[in-house]
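What follows is one structure encoded as structure tokens, with my remarks underneath.
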Amino acid sequence: MIHADSISGKVFWRGEFLLGTLYRKGNSLSFSEEPEMKVERTVIPAFFNAHTHLGDSFVMEEPVGTLPEVVGPGGFKQRMLESAEEATLLRSMATAFSHMLRTGTFGFADFRESGVRGISLIRKALRRNMQAIILGRPSSGDESLEHVISMCDGLALSAISDVDPALLDASRDACRRMGKLFAIHFNEDRREDLELLLSLEPDFIVHGIQCTKDEMKRLADAGIPVAITPRSNIFYGKRPDYSAFLDSGVTLMLGTDNAMVSEPDMFSEMDFLYRYQRGLHRIGPEKIISMATWNAYTLLGSEPRAFIVFMGDESAYDIVTRGRMRSFETFSIP
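Just so we're aligned, residue 2 is where the sequence shown starts under my numbering, counting upward by one.
Written as structure tokens, this is what we have:
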């Protein structure tokens, strides 16, 4: 990661690789396309994992069954979470954070189950140097929306068809009133009501893989970004063509979803998406890296706090030891 005020090389700057120098002054970043020196170095922003469920990282048993049977209300994951001891949850989340930092992820958006307890637990386990967006949800009628929202960065509800419409409206209104984010799972396992979704005006949605091209265009027109989780989708037997989102103008972000199914490793997620799409409709590596970096930071009105530097013999990052690289090599060739 960068620990200097400037660094030169092949820099991934706001969606494309450019030769030049990256400057940092306080929390502000700038870039000049005129390199100050000849350096064999590739620089990309630290990753932002746009969709995680880190609370289930303790699960060691294989999650067998359909998607609703595994992660739906009353399903396998919920039963495992309800029976888990606090020490087990804290230890597994701390391990997940260590893995994320080792693999270049400095920020993430976690969808928390278990209400106030779930929010408190992840805050206890959290590493200080990570950019965490913690999105909660009430676990019972005893927890008010306002109380849950006050403890985190907003709400992230289950599938839109699993939630009472009155609670959807109340959740959206409370988030807007308190200046917090509102996100929701949509069109993952079955087709859901797009009109209802659009009326909620979420800050972003997760999945959307059952959308038609016309519906994707409407998401784009409404300015609603979508966080996709390719490895998780494939695990549950889904085979979407993610290029359709891009063709429709939708802004995509990348996430790893449930830690019990896919470890929170953005290199693995990017590599999988790149290889999977080559057999359907290719998505260029720059677009995939954007999904894992700038697209998410832009949504959050933030900038990366760290950058990953790939060098030659004096590599600052152990995963890749080449110098100036082709764009797809940054995540696809170790």
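For glycine and all other residues, C-beta sits at the position ideal for the given N, C-alpha and C. Keep in mind the model is a prediction, meaning the values are calculated, not measured.
Item                                                                                                                                                             : Value
How far does the beta strand (DSSP E) with residue 217 in it reach, from first residue to last?                                                                  : Segment 214-222 is the alpha helix (DSSP H) holding residue 217; no beta strand (DSSP E) there.
Where residue 51 and residue 224 are concerned, what is the direct C-alpha to C-alpha distance, given to the nearest angstrom?                                   : 17 Å
Expressed to the nearest angstrom, what Euclidean distance is found between the alpha-carbon atoms of residue 23 and residue 302?                                : 19 Å
Among 168, 14 and 73, which has the Cα closest to the Cα of residue 305?                                                                                         : 14
How would you label residue 61, buried or exposed, when you count the other beta carbons within 10 angstroms and need 16 or more for buried?                     : exposed
When the Cα atoms are used, what is the spatial distance from residue 313 to residue 280?                                                                        : Because residue 313 carries a pLDDT of 48, less than 50, the predicted location of this residue cannot be relied on, and the following value inherits that uncertainty. Approximately 32 Å between the Cα atoms of the pair.
With 16 as the cutoff for other CB atoms within 10 Å, does residue 57 come out buried or exposed?                                                                : buried
Which of helix, strand or coil does DSSP assign to residue 196?                                                                                                  : helix
Using a Cβ-Cβ cut-off of 6 Å (strictly less than) and excluding sequence neighbours within five positions of residue 1, which residues of its own chain qualify? : Any answer about residue 1 is impossible in this case: the structure gives the chain only from 2 up to 335.
Per DSSP, residue 25 is paired with what?                                                                                                                        : 30
Can you give me the start and stop residues for the beta strand (DSSP E) that residue 303 sits inside?                                                           : First-last for residue 303: undefined, no H or E at that position.
If you count every other CB in all the chains shown that lies within 10 Å of the CB of residue 193, and 16 or more means buried, which is it?                    : buried
On the CB-based measure, 16 or more other CB atoms within 10 Å of its CB, does residue 46 come out buried or exposed?                                            : buried
Just how far apart, CA to CA, sit residue 215 and residue 176?                                                                                                   : 28 Å
Residue 90: which of 32, 127, 42 and 201 sits nearest, CA to CA?                                                                                                 : 127
Find out if the Cβ-Cβ distance for the pair residue 268, residue 105 is shorter than 8 Å.                                                                        : yes
For the beta strand (DSSP E) that residue 104 lies in, which residues bound it at each end?                                                                      : Where residue 104 is concerned, there is no enclosing beta strand (DSSP E), given that its DSSP letter is neither H nor E.
Quick check: the Cα distance between residue 266 and residue 255, rounded to an integer number of angstroms?                                                     : 11 Å
Here's the rule I'm using: 16 or more other beta-carbon atoms within 10 Å means buried, otherwise exposed. How should residue 208 be labelled?                   : buried
Around the Cβ of residue 241, are there at least 16 other Cβ atoms within 10 angstroms (buried) or fewer (exposed)?                                              : buried
Once DSSP output is grouped into helix, strand and coil, what is the label at residue 268?                                                                       : helix
Along the chain, which unbroken stretches of the alpha helix (DSSP H) at least 4 residues long are found entirely within the region 59-138?                      : 68-72, 77-84, 87-103 and 116-126
Is residue 147 helix, strand or coil by DSSP?                                                                                                                    : helix
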